[in-house]
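Residue numbers (the UniProt record's numbering): 1 to 366.
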């Protein structure tokens, strides 16, 4: 009869394997990824509430976020009085890409369907993999590609579920233009994420947020004065319009503050995969907050995306890390042997020093 409980050796083996696979870094990356995914979900609900009230000013919404970043993190940078670790024009280019990515993707909703935006937004994932492989020399194994494939397959389930049957019937006034805008915006998102990953590994998170906020606020202000000036004048600034604006800005501020941490821990690919679950969290909010019914395919898709994230984050110690650990263990063993040998030699020298003294005392007694 098989034993009901595992032996101590088996438990230790399972615990050791678990610790090797699920490092603190991997678990932290997953948790933070879901946190920013919830933040993106909240920004989506804020934007939908503004759209329901007839407010169409995407750059103005982003402007408040950039302004908060500039004020909070800029104050810290000024207080520390340290020179910039990276040239300012890198931050300027990053801010231009980031502002326009936000603007273009939001703009695409005017021309194509929600289904197309959800599907084509996945384009950022292969772009991130390509850019990190080309410019950051990131290496991806079979497990990484498998995790990406499962995540994308989960989102495709959502797109082709019966929930979006009515959305597919309403393709938008100019679907081709809208689809192209989504592809361009997703590519810019990938460039922005990879650029932030490069900068945050060479600079401080505080400096990145301060400079991105400062340049982003300036660029957004210029763009608002050109494109959204009349829209802002026509808005009836009641509490119902102000609160979603502030909620969007706060959620985006927390999102931008957390993203550099994820980029430093796990990279841009895991960040983009984690953001795929934002649509799933939105479904759960609709179920429990608004008591709406959703298609069963959503739950399968949510499980698929979750499994994909787990597979992507599933990491074992690579050969270089194992070699480094073995070298460190050998060095510690060598140091211990040297200490033992030195102790033995000290004892021997002490004994040899005592022998002449004993012989001299014996001669005196004689």
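Heads up, the beta-carbon is just placed ideally off N, CA and C, and yes, glycines get one too.
Pairwise C-alpha distance: residue j and residue i
{"i": "residue 35", "j": "residue 45", "result": "16 Å"}
{"i": "residue 185", "j": "residue 127", "result": "11 Å"}
{"i": "residue 82", "j": "residue 67", "result": "21 Å"}
{"i": "residue 42", "j": "residue 248", "result": "7 Å"}
{"i": "residue 125", "j": "residue 190", "result": "7 Å"}
{"i": "residue 202", "j": "residue 297", "result": "43 Å"}
{"i": "residue 39", "j": "residue 255", "result": "6 Å"}
{"i": "residue 258", "j": "residue 287", "result": "27 Å"}
{"i": "residue 50", "j": "residue 244", "result": "7 Å"}
{"i": "residue 308", "j": "residue 142", "result": "13 Å"}
{"i": "residue 303", "j": "residue 154", "result": "8 Å"}
{"i": "residue 301", "j": "residue 37", "result": "16 Å"}
{"i": "residue 281", "j": "residue 305", "result": "12 Å"}
{"i": "residue 224", "j": "residue 235", "result": "14 Å"}
Contacts around residue i, its chain only, beta-carbon distance under 8 Å, and the 5 residues preceding and following it disregarded
{"i": "residue 62", "result": "99, 102, 103, 216, 220, 252"}
{"i": "residue 181", "result": "104, 105, 107, 108, 111, 112"}
Buried or exposed by the 16-neighbour rule on C-beta atoms within 10 Å, applied to residue i
{"i": "residue 222", "result": "exposed"}
{"i": "residue 242", "result": "exposed"}
{"i": "residue 277", "result": "buried"}
{"i": "residue 204", "result": "buried"}
{"i": "residue 30", "result": "buried"}
{"i": "residue 144", "result": "buried"}
{"i": "residue 89", "result": "exposed"}
{"i": "residue 238", "result": "exposed"}
Same chain, Cβ closer than 6 Å to residue i, neighbours up to 5 away in sequence not counted
{"i": "residue 322", "result": "Note that residue 322 has pLDDT 46, beneath the 50 cutoff, so the model's placement of it is unreliable and no number is given."}
{"i": "residue 70", "result": "213, 214, 217"}
{"i": "residue 209", "result": "69, 73"}
Boundaries (first-last residue) of the alpha helix (DSSP H) holding residue i
{"i": "residue 186", "result": "175-200"}
{"i": "residue 260", "result": "239-265"}
{"i": "residue 74", "result": "58-80"}
{"i": "residue 121", "result": "Unbroken run through residue 121: none, as it is neither H nor E."}
{"i": "residue 104", "result": "88-108"}
As assigned by DSSP and simplified to three states, the class of residue i
{"i": "residue 225", "result": "helix"}
{"i": "residue 278", "result": "helix"}
{"i": "residue 42", "result": "helix"}
{"i": "residue 325", "result": "Residue placement at residue 325 is poorly supported in this model, since its pLDDT is 48, which falls under 50; the coordinates are not used for a value here."}
{"i": "residue 55", "result": "coil"}
{"i": "residue 85", "result": "coil"}
{"i": "residue 138", "result": "coil"}
{"i": "residue 235", "result": "coil"}
{"i": "residue 293", "result": "coil"}
{"i": "residue 111", "result": "coil"}
{"i": "residue 204", "result": "coil"}
{"i": "residue 133", "result": "helix"}
Neighbourhood of residue i by C-beta distance below 7 Å, restricted to the same chain and skipping five residues each side
{"i": "residue 149", "result": "none"}
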